[in-house]
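> Okay, here's the structure, questions in a sec.
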Amino acid sequence: MGLSEIPGAFTPDRNHLPSAGIGQIPTIHRFHTVPVPQLVVHGLTPTPASSWSVSRAKRVLDIFVASLALIISSPMILVAALIVCLTSPGPILFTQKRVGRFGKLFTIYKFRSMRVEDGQLWPSHTKNGDHRLTAVGAWLRKYKIDELPQLFNVL
3 MGLSEIPGAF TPDRNHLPSA GIGQIPTIHR FHTVPVPQLV VHGLTPTPAS SWSVSRAKRV
63 LDIFVASLAL IISSPMILVA ALIVCLTSPG PILFTQKRVG RFGKLFTIYK FRSMRVEDGQ
123 LWPSHTKNGD HRLTAVGAWL RKYKIDELPQ LFNVL
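Just so you know, we're using the working numbering here: the sequence shown kicks off at 3 and counts up by one.
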């Protein structure tokens with residue numbers, strides 16, 4: 003049964019068929035539509051997922067992915083921690099308080115890539131060629147290895 007034989011189906015406007023299509027296949031530019039009565043399907047109603055179930059599923063996925071990433075990157079994390087510890091005095095990790103979701107404060111962790119002067123880490127932003135950046139710190143930043151401890155923030 004072709005479309006033209008189905009009541010209420012759309013039928014092509016044969017006056018607008020081109021004389022030559024791609025190869026020998028004619029292409030159709032326009033269709034005439036015929037109204038179709040509304041179909042009623044009982045028992046199938048869209049129900050939006052509750053925000054609780056979506057956020058819970060996202061949290062489970064976040065924990066799974068962060069745990070897997072920590073397991074995979076743990077050798078690199080250990081080597082980076084050892085190199086930071088051996089090449090410059092001061093803590094291995096740089097910590098800073100940041101504001102997260104719903105205004106909640108949390109502590110962010112990164113490998114320290116700058117010198118500690120006067121017992122304090124510099125609070126200002128770095129610039130190109132910044133003298134406070136250590137040689138190891140520049141390498142850690144270049145390859146974004148200094149960001150790996152942030153995976154602990156997810157957990």
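For each residue, glycine too, the CB sits at the ideal point set by N, CA and C.
Please read all numbers here as calculations on a predicted model, not as lab measurements.
#1: Kindly indicate the opening and closing residues of the beta strand (DSSP E) around I110.
#2: As a quick exercise: from R134, R103 and V138, pick the residue whose alpha carbon is nearest that of V156.
#3: Going by DSSP, name the residue or residues bridged to T97.
#4: What's the gap between the Cα of C87 and the Cα of P93?
#5: Tell me whether the beta-carbon of Q98 lies closer than 9 Å to the beta-carbon of I110.
#6: Return the residue from the list R117, Y145, D148 and K146 that minimises the CA-CA distance to H132.
#7: For L135, which of helix, strand or coil comes out of DSSP?
#8: Short check: CB of R114 to CB of G139, under 9 Å?
Quick look at the numbers:
#1: I110 -> beta strand (DSSP E) spans L107 to F113.
#2: R103
#3: Beta bridge pairing from DSSP links T97 with Y111.
#4: 7 Å
#5: yes
#6: It is worth fixing the name first, because residue 132 is Asp in this sequence and not His. Ranking R117, Y145, D148 and K146 by CA distance to the CA of D132 puts R117 first.
#7: strand
#8: yes
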